[in-house]
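Peer 1:
Number of protein chains: 2
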Amino acid sequence: MQQVTIEDIRAAADRIRGSVLRTPLIPAGWGDPERPLWIKPESLQAVGAFKVRGAFNAIAALDDDTRARGVVAYSSGNHAQAVAYAASRWGIAAHIVMPEETPNVKVAATREWGATVVLCGAGERERVAARLVTETGGVLIPPFDHPDVIAGQGTIGLEIAEDLPDVETVLIPVSGGGLASGIGTALRALCPRARVIGVEPELAADTAEALRVGHRVDWPIQDRNRTIADGLRSQPSELTFDHLRRVLDDLITVSENDIRAASRELALRAHLVAEPSGAVALAAYRSTATPRGRTVIVLSGGNVEPALMAEILVG
Amino acid sequence: MQQVTIEDIRAAADRIRGSVLRTPLIPAGWGDPERPLWIKPESLQAVGAFKVRGAFNAIAALDDDTRARGVVAYSSGNHAQAVAYAASRWGIAAHIVMPEETPNVKVAATREWGATVVLCGAGERERVAARLVTETGGVLIPPFDHPDVIAGQGTIGLEIAEDLPDVETVLIPVSGGGLASGIGTALRALCPRARVIGVEPELAADTAEALRVGHRVDWPIQDRNRTIADGLRSQPSELTFDHLRRVLDDLITVSENDIRAASRELALRAHLVAEPSGAVALAAYRSTATPRGRTVIVLSGGNVEPALMAEILVG
Numbered sequence: 001m002q003q004v005t006i007e008d009i010r011a012a013a014d015r016i017r018g019s020v021l022r023t024p025l026i027p028a029g030w031g032d033p034e035r036p037l038w039i040k041p042e043s044l045q046a047v048g049a050f051k052v053r054g055a056f057n058a059i060a061a062l063d064d065d066t067r068a069r070g071v072v073a074y075s076s077g078n079h080a081q082a083v084a085y086a087a088s089r090w091g092i093a094a095h096i097v098m099p100e101e102t103p104n105v106k107v108a109a110t111r112e113w114g115a116t117v118v119l120c121g122a123g124e125r126e127r128v129a130a131r132l133v134t135e136t137g138g139v140l141i142p143p144f145d146h147p148d149v150i151a152g153q154g155t156i157g158l159e160i161a162e163d164l165p166d167v168e169t170v171l172i173p174v175s176g177g178g179l180a181s182g183i184g185t186a187l188r189a190l191c192p193r194a195r196v197i198g199v200e201p202e203l204a205a206d207t208a209e210a211l212r213v214g215h216r217v218d219w220p221i222q223d224r225n226r227t228i229a230d231g232l233r234s235q236p237s238e239l240t241f242d243h244l245r246r247v248l249d250d251l252i253t254v255s256e257n258d259i260r261a262a263s264r265e266l267a268l269r270a271h272l273v274a275e276p277s278g279a280v281a282l283a284a285y286r287s288t289a290t291p292r293g294r295t296v297i298v299l300s301g302g303n304v305e306p307a308l309m310a311e312i313l314v315g
Numbered sequence: 001m002q003q004v005t006i007e008d009i010r011a012a013a014d015r016i017r018g019s020v021l022r023t024p025l026i027p028a029g030w031g032d033p034e035r036p037l038w039i040k041p042e043s044l045q046a047v048g049a050f051k052v053r054g055a056f057n058a059i060a061a062l063d064d065d066t067r068a069r070g071v072v073a074y075s076s077g078n079h080a081q082a083v084a085y086a087a088s089r090w091g092i093a094a095h096i097v098m099p100e101e102t103p104n105v106k107v108a109a110t111r112e113w114g115a116t117v118v119l120c121g122a123g124e125r126e127r128v129a130a131r132l133v134t135e136t137g138g139v140l141i142p143p144f145d146h147p148d149v150i151a152g153q154g155t156i157g158l159e160i161a162e163d164l165p166d167v168e169t170v171l172i173p174v175s176g177g178g179l180a181s182g183i184g185t186a187l188r189a190l191c192p193r194a195r196v197i198g199v200e201p202e203l204a205a206d207t208a209e210a211l212r213v214g215h216r217v218d219w220p221i222q223d224r225n226r227t228i229a230d231g232l233r234s235q236p237s238e239l240t241f242d243h244l245r246r247v248l249d250d251l252i253t254v255s256e257n258d259i260r261a262a263s264r265e266l267a268l269r270a271h272l273v274a275e276p277s278g279a280v281a282l283a284a285y286r287s288t289a290t291p292r293g294r295t296v297i298v299l300s301g302g303n304v305e306p307a308l309m310a311e312i313l314v315g
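Here it is as structure tokens:
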């Protein structure tokens, strides 16, 4: 299977420059002295999540005629806003298929970037998206299962290597695996001595199991849906699992309580709003399983319902 | 009266480099299209507020023998942690006088940076600080009434000018006035066409009145204490008022409801935790009094009690 290379990631960095925020690496003086801590806050992206990197790169990599026909995506989460935002930067049409039960605030945010939102029934979204591709001639932008998306997310790894070349540990949330595949690929090339560690909720730890048994495993969606980390309920594709197997040194799982505590700690000590999925890397950092040394956590996103964030803050 | 110059601010930037975070200027795509918006998030500093710039510069500017005797400060707020942090970076002693009623979490945070906290009764803090200066030989670091503190805060203006040289409006919270004096001085020199606008809560609008009448006015502390923006209850000194009169184009006042709404908007759209005092510039941005054009808001700090932040989030 064709793997994404550091050259692909460098090309992605050239494409997204000026349109996607180059996030700072923020030193957190309140970390454990044995594990000096830096935060990579992808929550500061215009759409509140790293997804904009992959979406923008995938659209930028299209040839002009193809791109002009617009794009299609299905997502109830951060990928929806990311594709809508990237399409708006290119001035092209975006059709985003979202389940009818998607919270209004997410539908509104996607529409605010100029996208056409098409609501659909449960289990219908892939069929509806396929119809839109046929009708509009647009290109489907997948949330993780595409080399250009992986390469886009990998630009985070490029930036970590530039800002902290002697990093020793990088902790990355794992869901569909595009983020960890991209960052891991960049770090393997640029910081070969750094440990690249994935993080999953215990309640959606399919990749932890898959890495143990050496092949992908399927956890029922009703099981994965139990975690508060609603962005981490996907499973790797063949393409991303093939990357993860090669680039991850380890995968740490964290409890629901650890995730809530980490989100609270990020708000009160780093003054960054993290959605539960975005806080798992700090939860893993607080785990005794994490090695010593200079550590970067990837805060993948900050889109959280206000009532849930309020509940997390008061503990 | 001797005013701080752009050369003082450049010297401060050299002194604080590497010890104080050079914060990014974050484009906020969700701003008003007629007023493209950027956020300067000083909440990302290690102590959660801009105060570390002035404190660090004031300590760095001391001669080695004087600095070695340590520093003293009195504060119940962000200045306490800022001086404690800066002293810890220099490896010198810090004695911080705090009122007995200071929330435990702030006392603990100050101690975490290695400072000795001296609790005192109401109205006692200046006397206790003076005694500590005599006893320890340490230097008093004031929160705003000092040229080196103003020059340190001014480095924010230097960074804004570097990152967005064609900025048209900059909105800055005003309390004791050190922040706005410093930033305004930098912008007058580097971006002479930018409008520099102070922001105060309506309930602590002594500087708005002072600028109208042309001299400092004294609002009773019980009046100023009514605002939720607990970091904006101080009043300018002669030194800072003299700067403000020269560098501010205008001063906008905002209501308590506007401040809460702005803090909520920063959390949900920018994914940044702002204390109420840190949110007033966004409140002013949302006011019809604000001119059009490329606008920077200074988010001055993010240290907020979790229960209050939770209350703000659920509206």
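One line per chain: the protein sequences are A and B, in this order. For the record, in the first sequence the residue sitting at position 10 is 10 according to the UniProt record's numbering, with numbers rising by one throughout. For the record, in the second sequence the residue sitting at position 246 is 246 according to the UniProt record's numbering, with numbers rising by one throughout. All residues carry an ideal CB built from backbone N, CA and C; glycine is no exception. In this text, all values refer to a predicted model and were calculated from it rather than measured experimentally.
With 8 Å set as the bound, which would you pick, yes or no: does the beta-carbon of VAL296 (chain A) sit closer than that to a beta-carbon of chain C?
Peer 2: Absence of chain C from the displayed structure is noted, the protein chains being A and B.
Peer 1: Compare the Cα-Cα distances from GLY18 (chain B) to each of B:VAL118, B:ASN78, B:VAL52, B:ILE221 and report the closest residue.
Peer 2: Locating residue 18 (chain B) in the second sequence gives position 18, where the first residue counts as 1. For GLY18 (chain B), the nearest C-alpha among the options comes from B:VAL52.
Peer 1: Are there three or more Cβ pairs, one per stretch, closer than 8 Å when the stretch 149–162 of chain A is compared with the stretch 121–131 of chain A?
Peer 2: no
Peer 1: Please specify which runs of the beta strand (DSSP E), each continuous and at least 3 residues long, are wholly inside the stretch 175–257 of chain A, giving them in chain order.
Peer 2: Restricted to the stretch 175–257 of chain A, the beta strand (DSSP E) segments that are unbroken, complete and at least 3 residues in length are 195–201, 250–254, listed in chain order.
Peer 1: Have a look at VAL289 (chain B) and ILE252 (chain B) and give me their C-alpha separation to the nearest angstrom.
Peer 2: Numbered from 1 along the second sequence, position 289 holds the residue referred to as residue 289 (chain B). Numbered from 1 along the second sequence, position 252 holds the residue referred to as residue 252 (chain B). Note on identity: in this sequence residue 289 (chain B) is Ala, with Val being the wrong assignment. So the alpha carbons of these two residues sit roughly 7 Å apart.
Peer 1: Using only alpha-carbon positions, find the residue among B:THR185, B:LEU268, B:LEU44 that is nearest to ASP249 (chain B).
Peer 2: Taking the second sequence and counting its residues from 1, the one referred to as residue 249 (chain B) is at position 249. Nearest option by C-alpha distance: B:THR185.
Peer 1: Using the beta-carbon of each residue, which ones in chain B are nearer than 8 Å to PRO306 (chain A)?
Peer 2: By 1-based counting over the first sequence, the position of residue 306 (chain A) is 306. Those are ARG264, ALA267, LEU268, LEU313, VAL314, GLY315, listed as they occur along chain B.
Peer 1: Going by Cα to Cα distance, which pick from B:THR227, B:TYR85, B:LEU299 is closest to GLY54 (chain B)?
Peer 2: Working through the second sequence from its first residue, we reach residue 54 (chain B) at position 54. Checked all of B:THR227, B:TYR85, B:LEU299; the closest Cα to GLY54 (chain B) is B:TYR85.
Peer 1: To the nearest angstrom, how far is the alpha carbon of PHE241 (chain B) from that of SER43 (chain B)?
Peer 2: Walking along the second sequence from the start, residue 241 (chain B) turns up at place 241. Walking along the second sequence from the start, residue 43 (chain B) turns up at place 43. Distance between PHE241 (chain B) and SER43 (chain B), taken at the CA atoms: about 25 Å.
Peer 1: Below 8 Å on the Cβ atoms is my guess for LYS40 (chain A) versus VAL298 (chain A); work out the distance and round it to an integer in Å.
Peer 2: In the first sequence, residue 40 (chain A) corresponds to position 40, counting from 1. In the first sequence, residue 298 (chain A) corresponds to position 298, counting from 1. With a Cβ gap of about 5 Å, LYS40 (chain A) and VAL298 (chain A) count as contacting.
Peer 1: With DSSP as the reference, please indicate the residues paired to ALA164 (chain B) in a beta bridge.
Peer 2: Locating residue 164 (chain B) in the second sequence gives position 164, counting from the first residue. The residue asked about is misnamed: residue 164 (chain B) is Leu in this sequence, not Ala. BP columns for LEU164 (chain B) are empty, so no partner.
Peer 1: Once DSSP output is grouped into helix, strand and coil, what is the label at ILE92 (chain A)?
Peer 2: Residue 92 (chain A) sits at position 92 when you count from the first residue of the first sequence. It is coil, neither helix nor strand.
Peer 1: Taking HIS271 (chain B) as the query, report the chain A residues whose CB atoms sit under 7 Å from its CB, ordered along the chain.
Peer 2: One-based indexing of the second sequence puts residue 271 (chain B) at position 271. The contacting residues are SER43, LEU44, GLY48, LEU272, VAL273, GLY302.
Peer 1: Could you check what DSSP says for ALA115 (chain A) in three-state terms: helix, strand or coil?
Peer 2: Your numbering for residue 115 (chain A) matches position 115 in the first sequence. Looking at ALA115 (chain A) - three-state DSSP - the assignment turns out to be coil, as it is neither helix nor strand.
Peer 1: Spell out the partners DSSP gives VAL301 (chain A) in its beta bridges.
Peer 2: As a first step, residue 301 (chain A) must be located in the first sequence, where it is residue number 301. According to the sequence provided, residue 301 (chain A) is Gly. The question's Val does not apply to it. Paired residue(s): A:ALA49.
Peer 1: Measure the C-alpha to C-alpha separation of ARG226 (chain A) and LEU232 (chain A) and round it to an integer number of angstroms.
Peer 2: For this step, residue 226 (chain A) is matched to residue 226 along the first sequence. For this step, residue 232 (chain A) is matched to residue 232 along the first sequence. Cα to Cα, the separation comes out at about 11 Å.
Peer 1: Does the Cβ of VAL105 (chain B) have 16 or more other Cβ atoms within 10 Å, making it buried, or fewer, making it exposed?
Peer 2: Taking the second sequence and counting its residues from 1, the one referred to as residue 105 (chain B) is at position 105. Classification for VAL105 (chain B): exposed.
Peer 1: Taking C-alpha atoms, which residue in A:LEU164, A:GLU202, A:PRO173 lies nearest to ARG193 (chain A)?
Peer 2: Taking the first sequence and counting its residues from 1, the one referred to as residue 193 (chain A) is at position 193. With distances taken between Cα atoms, ARG193 (chain A) lies closest to A:LEU164.
Peer 1: Could one say the Cβ of LEU37 (chain A) lies closer than 8 Å to chain B's Cβ atoms, at least one of them?
Peer 2: Taking the first residue of the first sequence as position 1, residue 37 (chain A) is located at position 37. No, its Cβ sits nowhere closer than 8 Å to a Cβ of chain B.
Peer 1: Buried or exposed for ASN257 (chain A), going by 16 or more other Cβ atoms inside 10 Å?
Peer 2: Translated into the one-based positions of the first sequence, residue 257 (chain A) becomes position 257. Its Cβ having fewer than 16 others within 10 Å, ASN257 (chain A) is exposed.
Peer 1: Could one say the Cβ of PRO27 (chain B) lies closer than 8 Å to chain A's Cβ atoms, at least one of them?
Peer 2: Here residue 27 (chain B) is taken as the residue at index 27 of the second sequence, counted from 1. Taking Cβ atoms only, chain A reaches closer than 8 Å to PRO27 (chain B), which makes this a yes.
Peer 1: Is it the case that the Cβ atoms of THR66 (chain A) and VAL139 (chain A) are separated by a distance below 8 Å?
Peer 2: Residue 66 (chain A) sits at position 66 when you count from the first residue of the first sequence. Residue 139 (chain A) sits at position 139 when you count from the first residue of the first sequence. In this structure, VAL139 (chain A) lies closer than 8 Å to THR66 (chain A) by Cβ.
Peer 1: Going by DSSP in three states, ARG269 (chain A) sits in which element: helix, strand or coil?
Peer 2: What you label residue 269 (chain A) is simply residue 269 of the first sequence in a count that begins at 1. Here ARG269 (chain A) sits in helix by DSSP.
Peer 1: Rounded to whole angstroms, what is the Cα-Cα separation between GLN235 (chain A) and ALA270 (chain B)?
Peer 2: The count along the first sequence starts at 1 and reaches residue 235 (chain A) at position 235. The count along the second sequence starts at 1 and reaches residue 270 (chain B) at position 270. Cα to Cα, GLN235 (chain A) sits roughly 29 Å from ALA270 (chain B).
Peer 1: Which residues in chain B sit within 9 Å of PRO142 (chain A), going by Cβ to Cβ distance?
Peer 2: For the purposes of this step, residue 142 (chain A) is taken as the residue at position 142 of the first sequence. Within 9 Å Cβ-Cβ: nothing; PRO142 (chain A) doesn't reach chain B, min ~23 Å.
Peer 1: Mind checking whether LEU187 (chain B) and VAL170 (chain B) have CB atoms under 8 Å apart?
Peer 2: Against the second sequence, residue 187 (chain B) aligns to sequence position 187. Against the second sequence, residue 170 (chain B) aligns to sequence position 170. Yes, Cβ-Cβ distance for LEU187 (chain B) and VAL170 (chain B) is below 8 Å.
Peer 1: Kindly indicate if chain A contains any beta-carbon less than 8 Å away from that of LEU24 (chain B).
Peer 2: If you number the second sequence from 1, residue 24 (chain B) lands on position 24. The sequence given here has Pro at residue 24 (chain B), not Leu. It does: the Cβ of PRO24 (chain B) has a partner Cβ on chain A nearer than 8 Å.
Peer 1: Can you give me the start and stop residues for the beta strand (DSSP E) that ILE172 (chain B) sits inside?
Peer 2: Start at 1 with the first residue of the second sequence, and residue 172 (chain B) comes out as number 172. It spans 169–173 - the beta strand (DSSP E) in which ILE172 (chain B) sits, taken as one unbroken run.
Peer 1: Taking C-beta pairs closer than 7 Å, name the residues in chain A that ALA310 (chain B) reaches, listed in chain order.
Peer 2: What you label residue 310 (chain B) is simply residue 310 of the second sequence in a count that begins at 1. What ALA310 (chain B) touches in chain A: ALA310, LEU313, VAL314.
Peer 1: Examine chain A for any beta-carbon lying closer than 8 Å to the beta-carbon of LEU187 (chain B), and answer yes or no.
Peer 2: As a working note, residue 187 (chain B) is residue 187 in the second sequence. No, LEU187 (chain B) does not count as interfacial toward chain A.
Peer 1: Please compile the residues from chain B whose C-beta is within a distance smaller than 9 Å of the C-beta of LEU21 (chain A).
Peer 2: Your numbering for residue 21 (chain A) matches position 21 in the first sequence. Here the neighbours are PRO24, ILE26, PRO27.
Peer 1: Quick check on DSSP: helix, strand or coil for ALA274 (chain A)?
Peer 2: Position 274 of the first sequence, counted from the first residue, corresponds to residue 274 (chain A). Coil, per DSSP.
Peer 1: If we require 3 or more residues per run, which beta strand (DSSP E) segments fall completely within the stretch 19–79 of chain A?
Peer 2: 26–28, 37–41, 71–74
Peer 1: Can you tell which of B:GLY77, B:THR136, B:ILE172 has its C-alpha closest to the C-alpha of ARG69 (chain B)?
Peer 2: Here residue 69 (chain B) refers to the residue found at position 69 of the second sequence. Ranked by Cα distance from ARG69 (chain B), the options B:GLY77, B:THR136, B:ILE172 are led by B:THR136.
Peer 1: Beta-carbon separation of ILE141 (chain A) and ILE59 (chain A) under 8 Å?
Peer 2: In the first sequence, the residue the question calls residue 141 (chain A) occupies position 141. In the first sequence, the residue the question calls residue 59 (chain A) occupies position 59. Yes, Cβ-Cβ distance for ILE141 (chain A) and ILE59 (chain A) is below 8 Å.
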